[in-house]
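S.K.:
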Amino acid sequence: MLLLQFSTSHYCRKARLGLGYKQINYNIENLTPGLHVLRVKPLTGLQTLPVLLPQIEGQPNAIADSTQILKFLETYQQEPSLFLPDHQQQTEALMLEDWLDESIGTATRFVYYQYRAGEGKQIDPSLSSQMVISVVRQQYGINNASVKLATSRLAIALEELSIRWQKNDYLVGNKLSVADIAAAALLSPLALIPQYHQGYPWLFEHIVQIHQLCHEPLPPGLSEGEVEVGSRE
Ligand SMILES: N[C@@H](CCC(=O)N[C@@H](CS)C(=O)NCC(=O)O)C(=O)O
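Following the working numbering, the numbering of the sequence shown begins with 154 at its first residue and continues without gaps.
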């Protein structure tokens, strides 16, 4: 299998977590933002990444969207399962996944790129990085007003996740589901923002645990050698 991705995209991280959880072998092709459209659009009709190319006879040629990729992986290789045996719980996990994808992953992007363009500029002050950040901000309409809205959406999300994760190790049911994978991937960019990293230690503990369960290297801000989550308070 081949995963077409942007190396830093949190939606691509979500697909990698699914592949890693099921321990499926795959290769990666990193695409350049902007030019990626030339490679991706003819394959899927869309322009977003991740895209998975199963490269297996009898399987679809290309699968776009992280949610569809996880669904495909579940049919391709059932064990270990990412779907919950209880139908109602599985529906709840799919709803949470959709909310995290459509609302919270976007809110994270807004808050993250605002930080990288301001206080967090020193993470990579190079011209090329600052140009990418500026293009992304324009593309998605990231400005003070939209970031304010995104920040309040994130606050509600963190409240909801804290209730669920503090009650149980998993967001729904008693095992890892697509909801946990979506949350771990789509909130991971917040690890680089001190206000979130210091304010929500339980979030990053869960993100680390889920990455370990999925055999996926930790995201920036949580990698080995960096300051331990719990010791930052
Ligand atoms: N719902 C999609 C969202 C993916 C998405 O927004 N990908 C971004 C990268 S983080 C992208 O490809 N942006 C490029 C573009 O829109 O041209 C998914 O879950 O795969």
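For each residue, glycine too, the CB sits at the ideal point set by N, CA and C.
In this text, all values refer to a predicted model and were calculated from it rather than measured experimentally.
Under 8 Å: does the beta carbon of alanine 337 sit that close to some heavy atom of ligand 1?
M.R.: no
S.K.: DSSP three-state call for glutamine 208: helix, strand or coil?
M.R.: Coil at glutamine 208, not helix or strand.
S.K.: With isoleucine 276 as the anchor, note down where its alpha helix (DSSP H) starts and where it stops.
M.R.: First-last for isoleucine 276: undefined, no H or E at that position.
S.K.: In whole angstroms, what separates the C-alpha of threonine 220 from that of aspartate 251?
M.R.: 8 Å
S.K.: Just checking my contact of proline 373 with alanine 344 at CB under 8 Å: how many whole Å lie between their CB atoms?
M.R.: Indeed they touch by this definition, with Cβ atoms about 7 Å apart.
S.K.: So isoleucine 295 packs on glutamine 267, CB below 8 Å; how close in whole Å?
M.R.: 6 Å
S.K.: Alpha carbons only, please: which of Gly187, Asn180, Ile177 is nearest the one belonging to valine 285?
M.R.: Ranking Gly187, Asn180, Ile177 by Cα distance to valine 285 puts Gly187 first.
S.K.: Can you say whether histidine 350 is buried or exposed, counting buried as having 16 or more other CB atoms within 10 angstroms of its CB?
M.R.: buried
S.K.: Please indicate yes or no: does the CB of glutamine 292 lie closer than 8 Å to some heavy atom of ligand 1?
M.R.: yes
S.K.: By a C-beta neighbour count over all protein chains shown, 10 Å radius and 16 as the cutoff for buried, is isoleucine 216 buried or exposed?
M.R.: buried
S.K.: Measuring only the C-alpha atoms, how far is isoleucine 255 from leucine 237?
M.R.: Per the sequence shown, residue 255 should be read as glutamate rather than isoleucine. Approximately 21 Å, taken between the alpha carbons.
S.K.: Looking only at its own chain, which residues have a Cβ that is under 7 Å from the Cβ of glycine 94, when we skip the five neighbours before and after it?
M.R.: A query on residue 94 cannot be resolved here, the shown segment of the chain reaching from 154 to 386 and no further.
S.K.: I'd like to confirm something about glutamate 182: is its beta-carbon nearer than 8 Å to some heavy atom of ligand 1, or not?
M.R.: Placement of the Cβ of glutamate 182 at a distance of 8 Å or more from every heavy atom of ligand 1 is found.
S.K.: Between the Cα of glycine 211 and the Cα atoms of Thr228, Leu307, Met248, Val264, which residue gives the shortest distance?
M.R.: Thr228
S.K.: Can you pull the DSSP bridge partners for alanine 217?
M.R.: Val204
S.K.: Cα-Cα, which of Ile177, Ile363, Thr185 is closest to serine 281?
M.R.: Per the Cα distances, Thr185.
S.K.: Can you tell me which residues form a DSSP beta bridge with leucine 199?
M.R.: Paired residues: none, contrary to the question.
S.K.: Ligand 1 and phenylalanine 225: does the residue's C-beta get closer than 8 Å to at least one heavy atom of that ligand?
M.R.: no
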